[in-house]
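Following: one structure in structure tokens, then a few remarks.
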Amino acid sequence: MIAAFSSWFALFFSAVFTQNILLTNYLGMCPFLGASRELKTSFGLGAAVVLVMTFTTPLNWLLYHSILLPLGLEYLALIAFISLIAAFTQLTELVIMRVSDSLHAALGIFLPLITVNCAILGASLFMVARRYSFLQTTAYGLGGGLGWMLALLAMAGIRQRIAKNRLPRGLEGAGIALIIAGIMAMAFTAFTGMATPA
Amino acid sequence: MGLEFLLGVGVVTALNTVLALLLVLAERFLADYGPCTLALNGEKKITVAGGRDLLATLKDQGVFIPSACGGRGSCGLCKVTVLNGGAPLATELPWLKPDEIARHIRLACQVRVKHDLSLQLPPQWLEIRQYRTTVSSLRDLTHDIKEVRLRLVDPPEIEFKAGQFIQFEVPPYERSDETVYRAYSIASPPSAKNEIELEIRYVPNGICTTYVHRHLRLGDPVTINGPYGDFTLRPGEREIIAIAGGSGMAPLKSILLDMAEKEIARRIRYFFGARALRDLFLLEEMKTLEQRIPGFEFIPALSKPDPMDAWNGETGLVTDVAARYLPDASEAEAYLCGSSFLIQAAIKMLTSKGMPRERIYFDDFG
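As you go down the protein sequences, you meet chains A and B in turn.
22 is the number that the working numbering gives to position 22 of the first sequence; each next residue is one higher, with no gaps.
237 is the number that the working numbering gives to position 39 of the second sequence; each next residue is one higher, with no gaps.
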């Protein structure tokens, strides 16, 4: 039991830090570059990704293992996952809008933007490729989302700090952001020594 | 192989059907905010189904707000004032200046209609529309003025104020190779919402007037847009002096009919200038209006009556005739409609009779 828990925790930890989906796989780059100018916006967007990834990855696991795999339709995983993610984000937005105006303003408005976020689809495809169990998938989905949010917040913090700095013209905007992302990716690999999944 | 193919198609179809059904149900039960009332500029109120964004909701109501991106929050054009809509969302902030935020300006595409909203938008956005019409009647009022009645098809009704004008779209024809627009005042009262009346005078070589006088036939389609203009009756008790010539009759006729319907009893003297008897028209209608509006008097004046006319009414320039009737115009207000020449002469005459310039309203046809 303890061994099982530590394996989930290791998986969760690696999804957040060492195997950060944004910084090691470079998935979800468009919002990472586009919405990382301001910490406040990044927080809302990041939270939306956490929410959607935490729920869609296990849901896609269920879809894959209870429908696609038994019927021998593994090759349809990509298209099925996309449909489920799109429906989930729309449904969640409707619920949030109904429940709370402030939550919708802070988080809900980002949901339509991440319907086609490749990090979210990536998490579902990786959990299949890496043969995770349902519980591992849940840990991985939550960790992956948090990791993505962490990277986005770090980037937004750095970009806010350098907003007034003078840069060579060719590096302004996406240019410097990609360089920062590269350095951040290297920094995140340093976590490897702290925990490595079994 | 064929079976597997069918199975794949079937599963994807079934999955998407289930998801779509879920969304439809969610739309039905979660996104149904019931009827919401939108108050536009504090006067016009429309009831809409809540749940969608304001831009799309208004568009369905025929209120067109400029937008280039189609509602994705990426062009920043669809700015409207939403007095009770709350703070702007993060998605709007890049497009709003601090003073605009302070004035409650929002992007219509980012505002969800979830409850009654009080909106402010430029008034012309509210009223201007394009209308498809068909010619329902053509009548010669004089040898060179035609009365054109247009029955509205889509939208079937028009809201306007008496005295306003529309633009008449002239399609390319033998005299012009492009679509042109000409403004004409509406002669019918605002209560007649499904058919408007124009009075169009033939101008030699005029693109629109030639089109109307030589080409337009009963049942022809005509596209108009509007309404425009502020040549409307000002509220109050003041005596009204109206001076018009030719097709300048149109907006005044609309104003007079509107007054008669609303039983507005003000003293009105309407001086109408024409050359000879054959240029006078709507005399019967004016007589009827004199009976319907207690203080109304119609005074036609001929500048060059034909000896055959047997005219025993006023003669001379209409402004000179009016001057004889008005020893003092300092307490009245004036409505002028006609050529620039007529308007300039009338302003000169009225100010010399003590009328303040700011109480002289006019529609310059020049």
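C-beta: ideal position from N, C-alpha, C; glycine also.
At least one CB of chain B lies nearer than 9 Å to the CB of Gln90 (chain A).
Cβ contact annotation for Ala237 (chain B) (same chain, cutoff 6 Å, sequence separation greater than five): Lys243 and Ser316, in chain order. Secondary-structure assignment with DSSP links Arg330 (chain B) through a beta bridge to B:Asp352 and B:Thr421. Counting along the chain, the unbroken alpha helix (DSSP H) around Gly182 (chain A) starts and ends at Ala174 to Thr189. DSSP places Tyr523 (chain B) inside the alpha helix (DSSP H), whose first and last residues are Val516 to Tyr523. Listed along the chain, the chain A residues whose CB falls inside 7 Å of the CB of Arg310 (chain B) are Met97. Think of a sphere of 7 Å around the beta carbon of Leu287 (chain B): the chain A residues whose beta carbon falls inside it are Ala105 and Ile109, in chain order.
Not flagged as an interface residue toward chain A: Asn282 (chain B), since no C-beta distance is shorter than 9 Å. Arg467 (chain B) and Asp428 (chain B) have their C-alpha atoms roughly 21 Å apart.
In the DSSP assignment, Thr54 (chain A) falls within the alpha helix (DSSP H) that extends over Leu39 to Leu63.
Look at Ile545 (chain B) here: in three-state DSSP terms it is helix. Annotation: the continuous beta strand (DSSP E) that includes Phe496 (chain B) extends over Phe494 to Leu500.
Residues of the same chain with a CB within less than 6 Å of the CB of Gly446 (chain B), apart from the 5 flanking positions on each side, are Cys535 and Gly536 in chain order.
Note that the C-beta distance between Leu76 (chain A) and Val209 (chain B) is below 9 Å. For Thr92 (chain A), the enclosing alpha helix (DSSP H) stretches over residues Ala77 to Val99. Residues Ala77 and Val128 of the same chain have their beta carbon placed closer than 7 Å to that of Tyr64 (chain A), with the five preceding and five following residues left out of the count. About 5 Å separates the beta carbons of Thr41 (chain A) and Ala288 (chain B), which is inside the 8 Å limit, making them a contact pair.
Boundaries of the beta strand (DSSP E) harbouring Gly443 (chain B): Ile438 to Gly443, taken from the DSSP string. Rounded to whole angstroms, the separation of the alpha carbons of Ala532 (chain B) and Glu488 (chain B) is 18 Å. For Ser133 (chain A), no alpha helix (DSSP H) run applies, since DSSP gives it neither H nor E. In terms of beta-carbon proximity, Gly206 (chain B) lines the interface with chain A, with at least one pair separated by less than 9 Å. According to the DSSP assignment, Leu315 (chain B) belongs to the beta strand (DSSP E) that extends over Leu315 to Gln318.
Boundaries cannot be given for Gln19 (chain A), as no alpha helix (DSSP H) includes it and DSSP labels it neither H nor E. One thing to note: Cys234 (chain B) has its Cβ within 9 Å of the Cβ of Val246 (chain B). With contacts defined by Cβ atoms closer than 9 Å, His302 (chain B) and Gly271 (chain B) do not form a contacting pair. Secondary structure at Asp338 (chain B): strand, using DSSP grouped into helix, strand and coil. DSSP links Cys234 (chain B) through a beta bridge to B:Val246. Counting C-beta atoms within 10 angstroms of its own C-beta, Cys30 (chain A) has fewer than 16 neighbours from the protein chains shown and is therefore classed as exposed. In summary, Asn510 (chain B) is exposed, with fewer than 16 beta-carbon neighbours lying within 10 Å of its beta-carbon over all protein chains present.
The beta-carbon of Ala527 (chain B) is placed no less than 9 Å from the nearest beta-carbon of chain A. Note that the C-beta distance between Ala123 (chain A) and Met53 (chain A) is below 9 Å. The bridge partners DSSP lists for Lys344 (chain B) are B:Asp338 and B:Ile398. A Cβ-Cβ separation of about 6 Å places Ala119 (chain A) in contact with Leu22 (chain A) under the 8 Å criterion.
When DSSP states are grouped into helix, strand and coil, Arg373 (chain B) belongs to the coil group.
Cβ contact annotation for Glu397 (chain B) (same chain, cutoff 7 Å, sequence separation greater than five): Leu339, Ile343, Glu345, Ala385, Ser445, Met447 and Ala448, in chain order.
In this structure, Ala381 (chain B) sits away from Leu91 (chain A), with a CB-CB distance that is not shorter than 9 Å.
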